[in-house]
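Below: one structure, written as structure tokens.
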Amino acid sequence: MSVRGIRIWRRNDARFQPSILVEKNGLDGSLLFQGGAVATLDSDSTEVERRSYQKIVDAYGLLGVLAITKDESVLVAVTGVLSVGQLYGADILKITNVEFISLRTFGSVENVDSRIVDLQRLLSSQMFYFSSLQSYDLTRSAQHRDSHDGSDARFFWNRSLHFSFQRYGIDTDNWLLKCMAGSVLVRVVYVGANTGRVALISRLSCERVGTRFNVRGANYLGNVANFVETEQLLLFDDKECSLLQIRGSIPLFWEQPGVNVGSHKVKLRAFETSLPAYHRHMSQLQHRYGEFAIVNLLGRKEGERVLSDAFKTQHKNSHFAPIVDFIDFDYHAQMKISKEAIVQLKKKMTPHMSKHGFYYSMDHKLVKRQTGVIRTNCLDCLDRTNAVQTAIGLQMSHDQVAFLNLNAGKVNVEQRVEEILKDLWQKNGDQCSTIYAGTGALDGKSKLKDASRSLARTIQNNLMDGAKQESFDLFLTGAAYDPRLFDRACNILPPSLIQEYADAVSQLVERSPEIAEPQQIKIFVGTWNVNGGKNIHNVAFRNESSLSHWIFSSSMTRLVSVEEEQLADIVAIGVEELVDLNASNMVKASTTNQRMWCESIRKTLAEKAPFVLIGSEQLVGVCLFLFARPKISPYLKDFAVSSVKTGMGGATGNKGSVAFRIVVFSTSICFICSHFAAGQNEVKDRNEDFATTLKKIRFPLGREIDSHDVIFWFGDFNYRISLSGEEVKTAVRNGDFSKLVEHDQLTNEKIKGQTFVGFNEGQLTFAPTYKYDTFSDDYDTSEKCRAPAWTDRVLWKDQRKKGKTTLLSYDRSELKTSDHRPVGAVFKVETFKVDGKKCIELIEDVVESMGPPDGTIVVNIVGKPRFPPQMFPPIHEKLKELGAMVQLSKFDNGDLWIVLNSGEMALAALSMDGLKLGSEQLQVKLKSPDWAYALKPHLSDFDLESFEVSPEEETLINGADGAVFEFADEDEDSISVMSLTLTGSAPDRPRPPSARSEAISMANLEWPAERQDVLSTSMPTRASSASLANSSWYEHVPPLAPPTTQQSNNNKSPPQQSCLFNPFTQSVPSPAAPPPPTIPTRGASVAPGPPAVPLRKAPPPPPRPVIPPRPKNM
1 MSVRGIRIWR RNDARFQPSI LVEKNGLDGS LLFQGGAVAT LDSDSTEVER
51 RSYQKIVDAY GLLGVLAITK DESVLVAVTG VLSVGQLYGA DILKITNVEF
101 ISLRTFGSVE NVDSRIVDLQ RLLSSQMFYF SSLQSYDLTR SAQHRDSHDG
151 SDARFFWNRS LHFSFQRYGI DTDNWLLKCM AGSVLVRVVY VGANTGRVAL
201 ISRLSCERVG TRFNVRGANY LGNVANFVET EQLLLFDDKE CSLLQIRGSI
251 PLFWEQPGVN VGSHKVKLRA FETSLPAYHR HMSQLQHRYG EFAIVNLLGR
301 KEGERVLSDA FKTQHKNSHF APIVDFIDFD YHAQMKISKE AIVQLKKKMT
351 PHMSKHGFYY SMDHKLVKRQ TGVIRTNCLD CLDRTNAVQT AIGLQMSHDQ
401 VAFLNLNAGK VNVEQRVEEI LKDLWQKNGD QCSTIYAGTG ALDGKSKLKD
451 ASRSLARTIQ NNLMDGAKQE SFDLFLTGAA YDPRLFDRAC NILPPSLIQE
501 YADAVSQLVE RSPEIAEPQQ IKIFVGTWNV NGGKNIHNVA FRNESSLSHW
551 IFSSSMTRLV SVEEEQLADI VAIGVEELVD LNASNMVKAS TTNQRMWCES
601 IRKTLAEKAP FVLIGSEQLV GVCLFLFARP KISPYLKDFA VSSVKTGMGG
651 ATGNKGSVAF RIVVFSTSIC FICSHFAAGQ NEVKDRNEDF ATTLKKIRFP
701 LGREIDSHDV IFWFGDFNYR ISLSGEEVKT AVRNGDFSKL VEHDQLTNEK
751 IKGQTFVGFN EGQLTFAPTY KYDTFSDDYD TSEKCRAPAW TDRVLWKDQR
801 KKGKTTLLSY DRSELKTSDH RPVGAVFKVE TFKVDGKKCI ELIEDVVESM
851 GPPDGTIVVN IVGKPRFPPQ MFPPIHEKLK ELGAMVQLSK FDNGDLWIVL
901 NSGEMALAAL SMDGLKLGSE QLQVKLKSPD WAYALKPHLS DFDLESFEVS
951 PEEETLINGA DGAVFEFADE DEDSISVMSL TLTGSAPDRP RPPSARSEAI
1001 SMANLEWPAE RQDVLSTSMP TRASSASLAN SSWYEHVPPL APPTTQQSNN
1051 NKSPPQQSCL FNPFTQSVPS PAAPPPPTIP TRGASVAPGP PAVPLRKAPP
1101 PPPRPVIPPR PKNM
């Protein structure tokens, strides 16, 4: 590969559609790209065709064709390489530059899409490698080549760029490269007269890829971030010896968002949601590598402690605990005590290293197979992981050298190999770190060097990671679909199918009801502007109603009763003005109130049934909480968060929106909580706030708000009623709400098409919710005397067929601690659960009905050896009559080949077989008559078992073994937010900030500097193992009984101060006094206490089916 063997030509004649011609040294003929199709030309046709073309670039190879928009595709050519050595006779080349050649336009592709510049920077960043020979596939380890056919799809980064070639029957092995990402390091070793090679190859998986703070943990398929397979390879003569190690992020649902230094707090989601992903990840490792052991290097400080404990607990309660050893080693703490501490870790790992061994072959014959691997992780799988994997590699290198019998008479070979490997491991760590974090690894040897790299990482994370993440997504998924179709396809189809059968996606989505079973769920959506919590401690109103009067309103009793079967499955609550909207909070908003609200909502829900916290996000005063029942949480996937500031034109967050995206079974749902511009006459500003939010809210992979099946948009929209205050109050007293609706600004703006186009809202049959005197039923009596208005609203849009989302109730509640009244709505939503077997059948049916993927027909004239060119125009006219468009045509061995715009058109063109044109009779056939049979074997390879919750995973979810979560004493705050399925009881007093973890479950909530007793009334006690065991399993155990409010009479505890009041709970009596009777206030209804739920005897758990994992495309 010392010369550029690829020549690329373009036809620049504007009279014809754009066309690209590609030639390659050593291959006869060429490739012709035209009209979205590709075909091979023989040498003679190439010579004729090339006369009208101009050469535009020489290249070392082609990565394939990438769709960057629905109407634009580019050919990706490698124009710069750097050799890193030779393996198996092949040059290993690092990509240093690429070019993108437009296949649909004549101009520069950079002018078509600005993302191309960032993508070119990514592909030229020296992280991609390829082999110069087909015989050595760099995506495969030595053992994989010996036991599997085909490339390893996990490390085949440009696999999707090959699909368009495979569609037209092009031999991709001859024309295209296979590239991997990661690191390849090769050194030559001389042993006497013989020459050997030592190589270290780290292959980064493309199944869950991204930058350091954009991608963490696992996805619902069980793929983890920063998963790297590292191969330590020794080659001498005809002998090869290979050792594999793996690393990867902790396989739970967690993230580490933030942009400022020190603000990257670990956020961990509820355990129930992570269980299927954890099981899938471990099953995949077992299937691919056999036995494996886990080495966890997380520490005991800050968020790492919570994450590490969650990892250990999830493993302890999985089926893998008895067979997979979990080695826990606090690397930082132990190495700080003594640099020799690594020896103790090596002693724990040595039995596994000896048992697993390594791969060895001689004369291309298998001698020894590696039977297992060690999986190492720290927080980001970089610096600490590098150090431990280096220690493993160096220790095993002695056995490798001994097995290769290299030390016979040459005692220094082992030492030389070890010195080489030390250098390779150090460089390997730097390269892996650069890909994920943007800088080299921190090795701890130089404080100045580590400090400079830490600073560089901060700059990288804040300024460049977003563009890099978008480039990763574009390269791996393309952008051939509109966001709505792409989102629906991802929810119902296996991920690999979406790109491999791109033309079938639209029909598959359209026919998705055939493979889905309806699942009815209930969703409660609530919004409340709490006025900054100004009256949170006012002792005069201690008998105020609790949150249950809102979430479980008496007006919804028949809809949301105390029976668990009637409860909402998902609860979404938006809070506005959670903090005072002052300058200091706009710079850095306090999260104390967010933590209190999170706990208070959780405790209110726990009065009825267990709920888990899925997400919590705050943008200054806007905060969104999402809770779900444990029974549905394993079927929630693709959770994502986005927010946008709209205050002062987007400069500040005093106004703005927070949005959650989640998929329930196969139905995508978006929740948006907004606070729009205030003022009686600022209608235009509010419309602009809506438009800005709709435009700027973005989720991963380019998803927008309108990409989702169902959208719930709620909050304080601040739309007013265009009447005087007295007119409004008179209409309210008379119950004449229809008059107010006629003058409601939001209703009128919707009719005009200025805002919330396509959204629905329930009838406004309740009084305006703003503005009240606090703790009063009187509307604003202040000097400003604002006119009452329905500022607080809940709207929704279902983009599926009508009737899939039904509003059951829409009402307000009489909580009076704010100048707003809370509003709540209950919905019944029909979701769909995909049936894997039916999915395979539908795929085969759709692909078969669509005709051959190449859309190519072969035409000749009966009785004539060669097709006469003068017959092409009348045939073209006949095809136009059928509605078929000719994308490309060529002559091949005397026949006319015509590529049509679809396979369906190719099937329709078969009707021309036997047609007479003048005196000539046509013979028309398909180029690929057995295309349907050829496609079926590929369909059986899709791993549908990892796309849906398997019966074995359901057994785990239903608590076959029970869950036990053990924390140290100082972790009580972590339990409170990570185990939100617990019902509340009288809590212990919170510990000081120094004893607390900064990490919580999907909520970046910080403890206040000074503790007040009001917090102790809302924080739960540290749960016992037994209670935690019941909290995670919901079907085969009796339900937890609703708690009763009790006051401790322990004289040793200091009495609670009666001057502090938490309005989220019922009234707080003094320790010695019994609870006072609740006195109903005007307009407020007092719900009776929940009845006792009879305990049910747990039925025996179902037997655990043994399901072998379906093999993936390797």
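Using full-length UniProt numbering, read the sequence shown as starting at 1 and increasing by one per residue. In this text, a Cβ means the ideal position worked out from N, Cα and C, and glycines have one as well.
Item, Value
"Check whether P251 and V215 have beta carbons under 9 Å apart", "no"
"Neighbour-count burial assignment, F106, 16 or more Cβ in a 10 Å radius", "exposed"
"One or two residues paired with N377 in a DSSP bridge", "N296"
"Residues near A767 in its chain [Cβ-Cβ closer than 6 Å; skip 5 each side]", "V732"
"Span of the alpha helix (DSSP H) around I861", "Here I861 belongs to no alpha helix (DSSP H); instead the beta strand (DSSP E) covers 856 to 861."
"Beta carbon of L62 nearer than 9 Å to that of D91", "no"
"For N734, the first and last residue of its enclosing alpha helix (DSSP H)", "725 to 734"
"Reduced DSSP secondary structure (H/G/I, E/B, other) of K178", "coil"
"Three-pair Cβ contact test at 8 Å for the stretch 181 to 196 versus the stretch 410 to 423", "yes"
"Alpha helix (DSSP H) segment containing H398, residue limits", "383 to 403"
"Neighbourhood of F717 by C-beta, 7 Å cutoff - its chain only, sequence neighbours within 5 removed", "S674, F676, R686, L746, T791, R793"
"Terminal residues of the beta strand (DSSP E) in which S102 lies", "90 to 102"
"Span of the alpha helix (DSSP H) around Q618", "It is not in any alpha helix (DSSP H) - Q618 instead sits in the beta strand (DSSP E) that spans 612 to 619."
"Unbroken beta strand (DSSP E) run spanning C673, endpoints", "667 to 675"
"Residues that DSSP places opposite D716 in a beta bridge", "H675, D792"
"Three-state secondary structure assigned by DSSP to C785", "coil"
"Rounded straight-line distance, which links the Cα of K355 to that of Q284", "20 Å"
"Cβ contact check for the stretch 295 to 315 and the stretch 270 to 278: 3 or more pairs under 8 Å", "yes"
"Assumed close pair E617, V658 - CB separation to whole angstroms, cut-off 8 Å", "5 Å"
"Residue environment, P868, which counts as buried when at least 16 other CB atoms sit within 10 Å", "exposed"
"Burial state of V401, where buried means 16 or more other Cβ atoms lie within 10 Å", "buried"
"Reduced DSSP category for R488 - H, G, I as helix; E, B as strand; rest coil", "helix"
"Bridge partner(s) assigned by DSSP for L133", "DSSP, once it has assigned bridges, lists no residue as partnering L133."
"Pairwise C-alpha distance: D383 and I8", "43 Å"
"Proximity below 9 Å, CB of V847 to CB of I898", "no"
"Contact check, N531 vs T774, beta carbons under 9 Å", "yes"
"Beta carbon of Q232 nearer than 9 Å to that of V373", "no"
"S776, buried or exposed, once every other Cβ within 10 Å from all chains shown has been counted against 16", "exposed"
"Straight-line Cα distance separating G574 from I705", "17 Å"
"Exposure of C785, with buried meaning 16 or more beta-carbon neighbours within 10 Å", "exposed"
"Inter-residue Cα distance where the pair is K301 and Y190", "47 Å"
"Terminal residues of the beta strand (DSSP E) in which A67 lies", "61 to 67"
"Pair within 9 Å by beta-carbon distance, K804 and E517", "no"
"Below-9 Å beta-carbon distance, L694 vs any chain B residue", "This model lacks chain B altogether, as it is built from one protein chain only."
"Coil, strand or helix - A277 by DSSP", "helix"
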